[in-house]
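Residue numbers (the working numbering): 45 to 134. Think of the CB as a built atom: it goes at the ideal place given N, C-alpha and C, for glycine as much as any other residue.
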Amino acid sequence: DADVGFDPLGFSDTKAGLFFMREAEIKHCRLAMLAAASWPIAELFDKPLANLLGQPVIVDATDRNPSLLNGGLEKISPIYWAAILVAAAA
């Protein structure tokens, strides 16, 4: 067992594996920060943008975004979810 850096649970056997996991963690953190910043922005600008573009408003009556807890996910197109998965995987 060679020491390959800080990996207390032993997920990586090599330095290359450790660097790969470090890069993946940074990518996931950046996506999480983008999502956390985008959530309130989406709630603020959904109605004006939807009206400007002639699209249906997806926030609920209390200006909450659709989510598992808030409900309303059925308003979102499956094509959008596919595009999001492809973009996140890139």
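Legend entry - Collapsed DSSP secondary structure at Gly151 in the structure displayed: Because residue 151 is not part of the residues shown, which for the chain are 45 to 134, the question remains open.
Inset, instruction - Could you name the residues of the same chain whose beta carbon sits closer than 7 Å to that of Phe110, not counting the 5 residues immediately before and after it, in chain order? - result: The question names Phe, but residue 110 in the sequence shown is Pro. Within the same chain, Pro110 has close Cβ partners Ile102, Gly116, Leu117, Lys119 and Ile120.
Legend entry - Cβ-Cβ distance between Leu96 and Ala132 below 8 Å: no
Legend entry - Within 8 Å, strictly: CB atoms of Glu87 and Asp57: no
Inset, instruction - Give the secondary structure of Ser56 by DSSP, where H, G and I count as helix, E and B as strand, and everything else as coil. - result: coil
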